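The block underneath contains the structure these notes are about, expressed in structure tokens.
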Amino acid sequence: MRRVGIIGVSGKLGQYMAREALDRGYEVVGVCREQSTGKLGDLAEAISVLPGDTNDRRLIREAVASCDGVLTVLVPWGTRHYASGTAQAVLDYARADARLIFSCGWHVPGHEKDHYPRTTLLAQSAMTKLMRAIRVMDIDDQVEAARLIYASDTRWTVVRGSTLEEGESQGLPVWADYVGHPKLASDRTRRVDYARFMVEALTDDDLVRKTPAIVGRLTQSALVHEKSA
Ligand SMILES: NC(=O)c1ccc[n+]([C@@H]2O[C@H](COP(=O)([O-])OP(=O)(O)OC[C@H]3O[C@@H](n4cnc5c(N)ncnc54)[C@H](OP(=O)(O)O)[C@@H]3O)[C@@H](O)[C@H]2O)c1
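By my numbering, the letter at position 102 of the sequence shown is numbered 111, and the numbering carries on one by one without gaps.
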């Protein structure tokens, strides 16, 4: 791994991933919305920045052309297929042998054994409808993005995050194949550790074409599971 693209580099997760990638000695090229370049601070000096929307196909093509790995923050903002447009552009233009790592939440299905409590499904459905009605975001488009990724023959990993929080690193998160696994019950991961998992996945071939659902290493459910394993 020498050169890494980060699509959505100006957000919180994007910035943590950029710092983690730089710490590992990778060159970083980042895409972020033009109005967000100011959020990068000193990072802007350390990485190459391509300003523009993350679903701008021309820009993504330029960003990922020479990358060995691409870290993509999938976000369902707006109602114009932002997440699926971003995913499709990365899938279309990344090098055939590149490692492609995408972020999303547990709400995105990814395994036949995924299990969601009925209350969660009802709340999610209501939120999806409300957000679409007020045209803020289209959560179904993030699900569509994942579907496009699963159907591709690229070397992808979709990392499904629990609820995130800020704070000091607790180490690399633990993961399960499916949502609903008891080890995930605490539903908390430090954002800095989510970023670490994403960057680590670039060089972990065991995660190719997998959809790990992650949780913080020091959460109660992870610790209980580790003890009983
Ligand atoms: N938040 C959680 O608890 C949680 C839980 C599970 C999984 N995740 C996943 O983690 C990843 C990062 O999410 P995050 O919540 O932690 O936020 P984040 O890292 O701050 O990222 C938010 C991203 O959305 C972009 N964005 C914000 N408003 C936008 C708009 N109107 N149009 C286009 N782009 C816009 C931001 O770009 P700018 O810098 O240009 O604003 C940034 O790249 C996502 O894939 C999310 O699904 C989050």
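Each residue gets a CB set at the ideal place from its N, CA and C atoms; glycine is no exception. Computed from a predicted structure; not experimentally measured.
query                                                                                                                                                     : result
Exposed or buried, what is Y322 when buried is set at 16 or more other beta-carbons lying within 10 Å of its beta-carbon?                                 : Because the chain in this structure spans residues 10 to 238, residue 322 falls outside the shown range and cannot be described.
For the structure I just gave you, are there three or more beta carbon pairs, one from the region 40-51 and one from the region 218-225, closer than 8 Å? : no
I want to check one thing, is the minimum distance from the CB of T172 to the heavy atoms of ligand 1 below 8 Å?                                          : yes
Please indicate yes or no: does the CB of Q44 lie closer than 8 Å to some heavy atom of ligand 1?                                                         : yes
If I measure Cβ to Cβ from Q97 and keep anything under 6 Å in the same chain, skipping five residues before and after, which residues do I get?           : L157
Who does F206 pair with in a DSSP beta bridge?                                                                                                            : Answer is none; F206 lacks a bridge partner.
Taking the C-alpha atoms as reference points, what is the distance between R144 and T88?                                                                  : 6 Å
Which full runs of the beta strand (DSSP E) of 3+ residues lie inside the region 29-55, going along the chain?                                            : 36-41
Quick check for students: name the residue ranges of the beta strand (DSSP E) that lie wholly in the region 69-115, counting only runs of 3 or more.      : 78-82, 108-114
Report the residue from D32, A103, D62 whose alpha carbon sits nearest the alpha carbon of R70.                                                           : A103
Which of helix, strand or coil does DSSP assign to R169?                                                                                                  : strand
Is the beta carbon of Q151 less than 9 Å from the beta carbon of V188?                                                                                    : no
Beta-carbon within less than 7 Å of T228's beta-carbon, same chain only, minus the 5 sequence neighbours each way: which residues are those?              : S195, R197
So, under 8 Å CB-CB, A53 and V37 are touching, yes? Tell me the CB distance rounded to an integer number of Å.                                            : Actually they are not in contact, since the Cβ atoms of A53 and V37 sit about 11 Å apart, beyond 8 Å.
Three-state secondary structure (DSSP) at S134?                                                                                                           : helix
Below 8 Å on the Cβ atoms is my contact criterion, and I expect S251 with L193 to pass it. Report the Cβ-Cβ distance as a whole number of Å.              : Residue 251 lies beyond the stretch modelled for the chain, which goes from 10 to 238, so this question has no answer here.
Under 8 Å: does the beta carbon of S237 sit that close to some heavy atom of ligand 1?                                                                    : no
Would you say A154 and A92 are within 9 Å of each other, going by their C-beta atoms?                                                                     : yes
From what residue to what residue does the alpha helix (DSSP H) around S237 run?                                                                          : 229-237
From C113 to W184, what does the alpha carbon distance come to, in whole angstroms?                                                                       : 14 Å
Should the region 131-141 be called in touch with the region 158-177, which here means at least 3 C-beta pairs below 8 Å?                                 : no
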